[in-house]
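Read the structure below first, then the notes.
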Amino acid sequence: MAAPDVLLQILENAYHANTTSKTTLINPLPQELMNAIIDEIYNYLDPKSTQHALKACALASSIFVCRTRKHLFGHITIWLIPDYEKLLPLSQVHSFTTSLTIIFQSRLCGRYYPTISTLTGLPSLVDALHNVNTIMLCGMNWKSISQRFIDSLALRSFISITLMHTHFPDSNTFYSFLSHSSNLCQFSCFMTTVDSSDRPPFHTSHRPHIIELSLQKMSQIPAMLLSHALSPVNLQSLRILDVFLDDAG
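Under the UniProt record's numbering, think of the first position of the sequence shown as 1, with each following residue one higher.
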């Protein structure tokens with residue numbers, strides 16, 4: 001019997017022991033052990049099988065629900081409007097989400113197609129996912145997003161920020177966005193641009209102590225971030241630096 005089958009069999013036995021007991025329901029296994037088994041199922045199986053197995057566990061018994069939700073909803077990707085419409089009403093799972101990816105536009109056959117860039121209710125979802133500490137923004141143009149969404153981001157302090165194909169009108173905006181995350185440890189940029197890179201006022205006390213920094217296919221932002229005088233981040237604690245400059249830059 002394969003390892004995942006053994007783990008699922010253990011959970012099935014625990015479930016049947018609960019449901020067939022004529023006395024007060026008592027977990028036959030410690031909750032910590034059942035949580036560890038759920039974790040192993042999540043780590044061991046391929047993504048498609050993992051989703052199926054975790055959903056089956058959650059439906060089988062309430063004793064598995066909390067841990068399965070942690071894995072099923074720990075990372076959320078919002079791409080199309082239906083993604084948002086399905087997730088916002090599910091208040092019972094909002095607290096389990098710690099990582100959020102928002103795709104503002106996608107590329108198909110050489111053309112960019114808007115997804116949720118005009119969605120006015122997006123700030124409500126960001127506010128509802130109150131435990132999110134890791135965020136990835138893809139295809140975001142700062143000029144196109146609403147002030148309410150900007151305010152929602154400003155109220156959060158992220159430990160990890162990833163920007164992909166994002167565009168900022170000026171360095172003040174770019175630096176201000178980073179300054180709100182005082183606990184920022186990991187920052188990644190991929191093909192992100194800033195129109196104006198004039199030196200902004202940036203108080204040294206607001207600089208987060210970055211541990212990991214990744215800059216891919218850019219020539220402008222690395223010069224800004226790695227500059228001792230201009231950088232909005234404190235590099236004294238830097239442990240990992242990954243820089244790949246754009247050949248055209």
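Don't be surprised by glycine CBs; every beta carbon is placed ideally from N, CA and C.
- A distance of 8 angstroms or more separates the beta carbons of F190 and Q220.
- Pairing P30 with L184, the inter-Cα distance amounts to about 36 angstroms.
- Taking all protein chains in view, the Cβ of T166 is crowded by 16 or more other Cβ atoms within 10 Å, so the residue is classified as buried.
- Two segments are said to touch when three or more pairs of C-beta atoms, one from each, lie closer than 8 angstroms; by this definition the region 65–76 touches the region 31–38.
- The shortest CA-to-CA distance from S91 to any of L33, S171, L129, P123 is the one to L129.
- Residue pairing by DSSP puts V243 in a beta bridge opposite L215.
- Taken atom to atom, the span from the alpha-carbon of T50 to that of M136 is near 23 angstroms.
- Closest by C-alpha distance to T192, out of T162, S176, S181, is T162.
- In this structure, DSSP gives N234 an extended state, which the three-state scheme calls strand.
- In the DSSP assignment, Q147 falls within the unbroken alpha helix (DSSP H) covering 147–154.
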